[in-house]
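Asks:
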Amino acid sequence: MSELVRKDASELSALLSAGEVSAVEVTQAHLDRITQVDGAIHAFLHIDTEGALQAASVVDSKRAAGETVGSLAGVPLGLKDILATKGLPTTVGSKMLENWIPPYDATVVTRLREAGIVILGKTNMDEFAMGSSTEHSAFGPTHNPWDLERIPGGSGGGSSACLAAFEAPLAIGTDTGGSIRQPAAVTGTVGVKPTYGGVSRYGAVALASSLDQIGPCARTVLDTALLHEVIAGFDPMDQTSINAPVPAVVAAAKRGDIKGMKIGVVRELGGEGYQAGVRQRFDEAVVILESLGAEIVEVSCPSFDYALAAYYLILPSECSSNLAKFDGIRFGLRVGDDGSRSVEQVMSQTRAAGFGDEVIRRIMLGTYALSAGYYDAYYGQAQKIRTLVAQDFAKAFSQVDVLISPTAPTTAFKIGEKLDDPMAMYLNDIATIPVNLAGLPGMSLPIGLAPEDNLPVGMQIMAPAMADDRLYNVGAALERALVAQWGAPILNSMAGV
Amino acid sequence: MSEAVISYDEVLEQFDPVMGLEVHVELGTRTKMFCGCSTEFGAEPNTHVCPVCLGLPGALPALNKIGVESAIRIGLALNCKIAEWCRFARKNYFYPDMPKNFQTSQYDEPICYDGYLDVDIDTDEGRKTFRVNIERAHMEEDTGKNTHMGGATGRIHGADYSLVDYNRAGIPLIEIVTKPIEGAGKYAPEVAKAYVAALRDILRNLGVSDVKMEQGSLRCDVNLSLRRTPQDELGIRSETKNVNSLRSVERAVRYEMTRHAARLLAGERVIQETRHWHEDTGVTTSGRSKSDAEDYRYFPEPDLVPIAPSREWVEQLRAALPENPAVRRARMQELWNLSDIDMQTLINAELLDLVEEAVAAGVSVDAARKWYTGELSRVANEREVDVAELGITPAMLARIEELISTGALNDKLARQVLEGILAGEGDVDGVIASRGLAVVSDDGPLLEAIKDALAADPSVAETIASGKLQAAGSVVGAVMKATRGQADAARVRELLLEHLGVSE
Amino acid sequence: MSAISRDDVVHLAHLARIDIPSDQLDHYASQLDAILEAVATVSAVDTDNVVPMSHPVPSTNVFREDVPGQSLTANEALAGAPAVEDDRFRVPRILDEE
Ligand SMILES: [Mg+2]
Ligand SMILES: [Zn+2]
Chain D
1 MSELVRKDAS ELSALLSAGE VSAVEVTQAH LDRITQVDGA IHAFLHIDTE GALQAASVVD
61 SKRAAGETVG SLAGVPLGLK DILATKGLPT TVGSKMLENW IPPYDATVVT RLREAGIVIL
121 GKTNMDEFAM GSSTEHSAFG PTHNPWDLER IPGGSGGGSS ACLAAFEAPL AIGTDTGGSI
181 RQPAAVTGTV GVKPTYGGVS RYGAVALASS LDQIGPCART VLDTALLHEV IAGFDPMDQT
241 SINAPVPAVV AAAKRGDIKG MKIGVVRELG GEGYQAGVRQ RFDEAVVILE SLGAEIVEVS
301 CPSFDYALAA YYLILPSECS SNLAKFDGIR FGLRVGDDGS RSVEQVMSQT RAAGFGDEVI
361 RRIMLGTYAL SAGYYDAYYG QAQKIRTLVA QDFAKAFSQV DVLISPTAPT TAFKIGEKLD
421 DPMAMYLNDI ATIPVNLAGL PGMSLPIGLA PEDNLPVGMQ IMAPAMADDR LYNVGAALER
481 ALVAQWGAPI LNSMAGV
Chain R
1 MSEAVISYDE VLEQFDPVMG LEVHVELGTR TKMFCGCSTE FGAEPNTHVC PVCLGLPGAL
61 PALNKIGVES AIRIGLALNC KIAEWCRFAR KNYFYPDMPK NFQTSQYDEP ICYDGYLDVD
121 IDTDEGRKTF RVNIERAHME EDTGKNTHMG GATGRIHGAD YSLVDYNRAG IPLIEIVTKP
181 IEGAGKYAPE VAKAYVAALR DILRNLGVSD VKMEQGSLRC DVNLSLRRTP QDELGIRSET
241 KNVNSLRSVE RAVRYEMTRH AARLLAGERV IQETRHWHED TGVTTSGRSK SDAEDYRYFP
301 EPDLVPIAPS REWVEQLRAA LPENPAVRRA RMQELWNLSD IDMQTLINAE LLDLVEEAVA
361 AGVSVDAARK WYTGELSRVA NEREVDVAEL GITPAMLARI EELISTGALN DKLARQVLEG
421 ILAGEGDVDG VIASRGLAVV SDDGPLLEAI KDALAADPSV AETIASGKLQ AAGSVVGAVM
481 KATRGQADAA RVRELLLEHL GVSE
Chain Y
1 MSAISRDDVV HLAHLARIDI PSDQLDHYAS QLDAILEAVA TVSAVDTDNV VPMSHPVPST
61 NVFREDVPGQ SLTANEALAG APAVEDDRFR VPRILDEE
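Protein chains in written order, with our numbering: chain D, 1 to 497; chain R, 1 to 504; chain Y, 1 to 98.
In structure tokens form, the structure reads like this:
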């Protein structure tokens with residue numbers, strides 16, 4: 001393995017700007033690494049060798065010409081296949097879009113390109129981002145580099161796995177109910193779901209519009225912040241994006257000082273249903289935070305007990321509408337058009353053939369929850385619980401600066417283990433969902449390996465809206481202490497792929 | 001196939017009609033409601049489209065400020081309340097001309113609500129004002145356009161397949177819905193027509209739409225039900241879609257009244273359904289039955305933030321509204337001292353604006369009316385264009401009138417001046433110069449011409465001299481002919497009588 | 001008691017335009033039923049006087065100026081379409097519902 005792929009984005013950035021290595025070399029090293037390991041990992045659905053090398057050489061020429069380039073220029077990245085890329089396939093992990101090539105770039109993609117970040121390819125995901133394991137990709141599962149028999153989390157399992165397998169130092173994910181944070185937790189990487197509206201959603205294929213958020217993924221807190229800064233900010237193409245200065249996330253990630261901070265442990269997110277090793281590592285991390293000068297407070301958010309149920313009403317409802325456009329008329333798959341069938345029949349056959357079981361289940365559930373006579377009891381009630389969840393957060397944040405919990409109740413489970421039990425799968429998101437409902441930012445970072453299975457455990461940090469910088473401040477402090485304790489980043493203890 | 005109907009008088013003997021009118025108006029914004037694509041009519045197919053209005057995966061709507069502003073202005077002109085806070089909603093149903101398979105619309109939170117529009121109709125007791133109450137006016141977006149291919153008719157039934165152009169998809173629409181219109185009785189068809197006409201005038205006056213019914217920028221759906229007496233509950237209604245001319249609105253109401261009545265009298269139920277209006281045959285036919293009503297699964301549009309028009313903004317827009325067309329007409333009729341018929345003639349010919357501009361430019365009301373309803377209408381008719389498109393400006397008319405009043409032009413010459421302008425020969429003075437159209441004001445040549453004319457028909461002098469002054473006309477005519485119209489006819493007459501020693 | 005019947009699945013499948021084979025209707029009915037039972041716990045919460053939250057960020061009046069932007073060319077617009085004729089999207093025959 002080339003030494004270059006072990007380096008994190010900040011290190012690569014320093015080497016690149018010092019001229020010690022070229023962007024083409026860095027990119028080629030990662031492409032080679034992908035060739036070497038991705039057969040076993042399957043983090044990527046599409047690898048854009050030509051485009052990546054081209055983008056890298058543009059960065060090299062700019063540097064050679066003395067032009068100013070972004071600090072991450074020339075650093076490679078894995079892009080979740082949910083973001084529209086002009087001229088590059090965008091499948092959302094679905095047969096429905098197997099051959100679709102968008103005529104436009106998502107805003108985040110435009111910003112990545114403008115920053116000179118090299119897009120290596122599109123990463124695997126649960127179909128339409130529905131799942132917590134990446135097993136629901138129509139193109140086969142992604143394997144967790146820690147144990148190829150296990151899931152890399154989901155829906156952004158490709159993005160988390162490509163980081164853990166050293167195929168890319170940066171990745172982009174989307175998080176509707178935990179799809180950045182839970183994969184980060186089970187692969188020993190870092191992932192942030194920014195404040196809702198902090199990053200433009202324009203060009204991200206929508207799952208649940210009021211919950212979806214694009215976010216940065218990396219192997220370190222600082223790298224995640226650097227990427228966060230590139231993609232965040234108001235976009236006139238997304239009128240739900242926030243027109244305010246981006247929180248100073250990079251400065252916070254460099255600071256890492258939590259002396260005097262109040263940190264709340266959420267009583268409802270932990271305890272029963274959480275794996276013993278997850279709880280153990282979490283409790284140890286809390287002690288570390290305290291030793292770093294933070295005051296630890298237990299807080300209660302009673303409505304979180306209903307967050308999962310509310311989420312599984314809101315998400316299917318919005319997705320049933322968002323996914324209506326996949327009908328075989330303007331783009332994507334069309335099935336059954338033999339000249340004899342009506343457009344309605346062709347639409348119905350196309351949707352049956354193009355969508356996987358989980359997608360169909362959620363569309364049907366959402367159709368039900370929105371239908372006449374049920375709206376108030378289901379969707380309407382779920383939206384009210386959303387308000388209660390937000391109120392619980394507001395109350396908690398009147399007492400503490402950030403909240404923490406384990407990111408996921410368990411470490412990575414085995415591929416196939418929960419496939420036939422949708423509700424068991426849904427329980428994976430139990431700790432990550434509340435911030436999506438309230439539109440708040442959340443981070444997951446590795447806090448060690450569970451003693452019983454030697455698999456990574458993640459801690460979730462949650463902050464008030466537009467206080468994303470607090471995540472990075474706390475995360476950086478904890479990361480520094482943990483790496484000092486372990487002697488090396490947690491990923492170094494992973495057996496080679 | 002058409003259904004049984006009964007005579008209109010018979011309907012009125014036994015039933016009371018209740019109407020509901022839904023009008024969709026396409027706004028004349030430069031860009032679509034949720035994206036920057038042009039709204040221009042008649043472009044090549046699928047050239048005014050983008051990821052947003054094609055509903056491509058990942059695209060998001062971005063609300064057009066002028067779309068919202070127009071909605072508020074329309075609401076204010078219709079005496080509506082303007083919501084302090086409202087949202088868009090998604091109306092979910094599948095149709096191939098609708099890119100997202102939901103329409104971004106408004107549901108239980110329309111931006112404008114509770115308004116009214118007063119319309120005048122002619123009744124047996126003269127002209128009367130009828131108030132139409134308006135339930136709501138809300139914002140939404142248009143669909144694409146299907147062309148049905150194959151089959152014989154070009155209609156949806158029998159077509160082999162369809163072709164879709166999404167240029168129209170996403171063009172802003174305002175849907176204006178009346179409350180049930182009750183109490184119109186036998187005048188229901190006239191009220192419906194008058195309402196749509198008045199609404200059209202208001203929208204045009206606001207400048208928010210070109211309101212061309214024939215191009216579909218103003219479309220009307222007619223809901224109708226009958227009941228035995230005004231005290232009864234509302235009957236089952238039919239919903240006739242896309243009634244796209246004023247005359248058709250009137251006819252469709254009348255037809256549906258006679259059709260409903262025939263069914264009810266035959267002991268059948270009226271079916272709640274969508275019906276199609278056929279302009280050519282003047283009947284409606286059954287479309288989709290509402291018994292299997294679509295469940296639209298409305299919910300608040302999460303991709304657009306709520307709209308909370310500030311009261312300052314609303315009041316600014318209210319203050320800047322143009323005068324209501326009906327109020328303006330009443331004011332002008334009084335100012336110009338016109339009869340109802342004369343006023344109606346101007347209104348029907350859509351000449352009010354032009355006459356007003358001409359008057360403002362200095363033309364007398366009578367002269368302006370005469371020019372526009374007479375010569376200019378005739379030419380416009382011949383050329384199949386609107387009078388306004390002829391290129392005769394109010395300033396030109398004012399100049400012509402000025403020259404007539406000084407005697408430099410007469411009516412006949414003035415018409416020649418217009419002819420020259422229309423032929424592109426220049427402005428008023430330019431045409432006069434190039435055609436040499438000045439009135440012959442020197443009495444000498446005129447007197448010569450009079451003598452010539454009298455010489456040609458000596459008996460006429462005697463006739464005139466005997467007091468039959470009307471005979472002077474033929475001499476004047478002959479003189480005008482001889483001078484190729486460049487004489488002042490009144491002066492010729494004067495000179496003639498003077499010459500013969502006859503007084504008026 | 002089962003909240004979702006086989007007929008409900010047929011109805012939902014029609015509304016959602018998904019052609020579900022009849023031998024899978026019971027399978028979907030039981031799965032949807034299980035999920036619904038789990039999420040129906042929301043009804044246990046007292047939400048009197050609670051305002052529903054449709055948008056996580058409380059902003060209003062975000063508008064775009066009425067200024068033309070970039071459209072696609074017809075070729076770009078049609079490039080991903082399953083069937084095209086005459087620069088338009090070709091779709092199977094459209095029937096009003098019977
Ligand atoms: Mg409508
Ligand atoms: Zn557009």
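Even for Gly, the Cβ is constructed at its ideal location relative to N, Cα and C.
Keep in mind it's a predicted model, so treat the numbers as computed, not measured.
Does any heavy atom of ligand 2 sit closer than 7 Å to the C-beta of Gly170(R)?
Replies: Gly170(R): yes, Cβ under 7 Å from ligand 2.
Asks: Return yes when at least one heavy atom of ligand 1 lies under 7 Å from the C-beta of Asn175(R), else no.
Replies: First, the amino acid is wrong: residue 175(R) is Glu here, not Asn. Answer for Glu175(R): yes, Cβ within range of ligand 1.
Asks: Is the closest heavy atom of ligand 1 to the C-beta of Glu239(R) under 7 Å?
Replies: Not under cutoff, so the answer is no.
Asks: Please identify the residue among Ala18(D), Lys325(D), Leu471(D), Pro434(D) whose C-alpha is closest to the C-alpha of Arg17(Y).
Replies: Cα-wise, what sits closest to Arg17(Y) is Lys325(D).
Asks: Suppose only complete runs of 3+ residues qualify. What are the beta strand (DSSP E) ranges in the stretch 157-193 of chain D, listed by chain order?
Replies: Counting only runs of 3 or more, we get 170-174, 190-193.
Asks: Where does the unbroken alpha helix (DSSP H) through Thr387(D) begin, and where does it stop?
Replies: From DSSP, the alpha helix (DSSP H) with Thr387(D) extends over 381-397.
Asks: Nearest CA to the CA of Gln247(D): which residue from Ala218(D), Pro236(D), Leu77(D), Ala225(D)?
Replies: Looking at the sequence itself, residue 247(D) is Pro, so the reference to Gln does not match. Cα-wise, what sits closest to Pro247(D) is Ala225(D).
Asks: Listing by chain order, which chain D residues have their CB less than 7 Å from the CB of Val191(R)?
Replies: Those within 7 Å of Val191(R) in chain D number zero; the least Cβ separation is about 33 Å.
Asks: Would you mind listing the beta strand (DSSP E) stretches within the stretch 155-219 of chain R that are 3+ residues and don't spill past its ends, in chain order?
Replies: If we require 3 residues or more, the beta strand (DSSP E) runs fully inside the stretch 155-219 of chain R come out as 161-165, 172-178.
Asks: Taking 8 Å as the threshold, find out whether the stretch 297-310 of chain D comes into contact with the stretch 58-68 of chain Y through three or more Cβ pairs.
Replies: Taking 8 Å as the limit for Cβ pairs, the verdict is that the stretch 58-68 of chain Y does not touch the stretch 297-310 of chain D.
Asks: Among Gly467(R), Ala188(R), Thr406(R), Ala433(R), which has the Cα closest to the Cα of Val417(R)?
Replies: Out of Gly467(R), Ala188(R), Thr406(R), Ala433(R), Ala433(R) has the C-alpha closest to the C-alpha of Val417(R).
Asks: Reducing DSSP to helix, strand and coil, say where Glu135(R) ends up.
Replies: If DSSP states are grouped into helix, strand and coil, Glu135(R) belongs with the strands.
Asks: To the nearest angstrom, how far is the alpha carbon of Val58(D) from that of Arg30(R)?
Replies: In a straight line, the C-alpha of Val58(D) is about 38 Å away from that of Arg30(R).
Asks: Within the continuous alpha helix (DSSP H) that includes Cys80(R), where are the two ends?
Replies: No alpha helix (DSSP H) holds Cys80(R); DSSP gives it neither H nor E.
Asks: What residue does the beta strand (DSSP E) around Gln103(R) start on, and which one ends it?
Replies: Counting along the chain, the beta strand (DSSP E) containing Gln103(R) begins and ends at 102-105.
Asks: Bridge partners for Asp118(R) per DSSP, in chain order?
Replies: According to DSSP, Asp118(R) bridges with Arg131(R).
Asks: If distances are taken between C-alpha atoms only, which option among Val177(R), Leu446(R), Thr147(R) comes closest to Ile134(R)?
Replies: Closest option to Ile134(R), Cα to Cα, is Val177(R).
Asks: Quick one: any contact between the stretch 27-47 of chain Y and the stretch 208-218 of chain D, if contact means 3 or more CB pairs under 8 Å?
Replies: Flag = no, the stretch 27-47 of chain Y and the stretch 208-218 of chain D do not touch.
Asks: Hey, would you say the C-beta of Val67(Y) is under 7 Å away from at least one heavy atom of ligand 2?
Replies: No, Cβ of Val67(Y) sits at least 7 Å from all heavy atoms of ligand 2.
Asks: Based on Cα-Cα distance, which residue from Val327(R), Glu84(R), Asp411(R), Tyr95(R) lies nearest to Thr129(R)?
Replies: The candidate whose alpha carbon is nearest that of Thr129(R) is Val327(R).
Asks: For Val379(R), which residues in the same chain have their Cβ closer than 7 Å to its Cβ, ignoring the five residues on either side in sequence?
Replies: Result list for Val379(R): Leu390, Leu422, in chain order.
Asks: At least one CB of chain D closer than 8 Å to the CB of Ala74(Y): is that the case?
Replies: No - not a single Cβ of chain D is within 8 Å of the one on Ala74(Y).
Asks: Applying a beta-carbon distance threshold of less than 8 Å, which residues of chain R neighbour His55(Y)?
Replies: Those are Pro300, Pro302, Val305, Pro306, listed as they occur along chain R.
Asks: Between Asn454(D), Val230(D), Ser371(D), Leu323(D), which lies nearest to Val250(D) when the distance is taken from Cα to Cα?
Replies: It is Val230(D).
Asks: Could you give the distance in angstroms between the alpha-carbon of Thr35(D) and the alpha-carbon of Glu114(D)?
Replies: The alpha-carbon atoms of Thr35(D) and Glu114(D) are separated by roughly 27 Å.
Asks: Would you tell me roughly how many angstroms separate the C-alpha atoms of Asn381(R) and Met343(R), rounded to the nearest one?
Replies: Those two C-alpha atoms are separated by around 20 Å.
Asks: Spatial neighbours of Leu163(D) within its chain, please: C-beta separation below 8 Å, excluding the five flanking residues on both sides.
Replies: Only Gly78, Pro169, Leu170, Ala171, Thr187, Thr189, Cys217, Ala218, Arg219 meet the Cβ criterion.
Asks: Beta-carbon of Met1(Y) versus every beta-carbon of chain D: anything under 8 Å?
Replies: Residue confidence is low: Met1(Y) scores 43 on pLDDT, short of 50, so the model does not pin down where it sits. No coordinate-derived value is stated.
Asks: Helix, strand or coil: which one does DSSP assign to Lys241(R)?
Replies: Lys241(R): strand per DSSP, three-state reduction.
Asks: Pull up the distance between the alpha-carbon of Leu222(D) and that of Leu471(D), whole angstroms please.
Replies: Taking the straight line from one Cα to the other gives about 11 Å.
Asks: Applying the 10 Å Cβ sphere with the 16-neighbour rule, what's the burial state of Val39(Y)?
Replies: Buried.
Asks: I want to see whether chain D comes within less than 8 Å of Ala62(R), judged by CB atoms only; does it?
Replies: By this cut-off, Ala62(R) is an interface position.
Asks: Considering only residues of the stretch 275-300 of chain D, which uninterrupted alpha helix (DSSP H) runs meet the minimum length of 4 residues and lie entirely inside it, listed in chain order?
Replies: Those alpha helix (DSSP H) runs which fall completely within the stretch 275-300 of chain D and span 4+ residues are 276-291.
Asks: When we look at the beta-carbon of Tyr368(D) and count the other beta-carbons within 10 Å, is it buried (16 or more) or exposed?
Replies: That one is buried.
Asks: Considering only DSSP beta bridges, list what Ser405(D) is partnered with.
Replies: The partner list for Ser405(D) (beta bridge, DSSP) reads Gln460(D).
Asks: Cβ closer than 7 Å: which chain R residues qualify as neighbours of Glu318(D)?
Replies: Simply Pro302.
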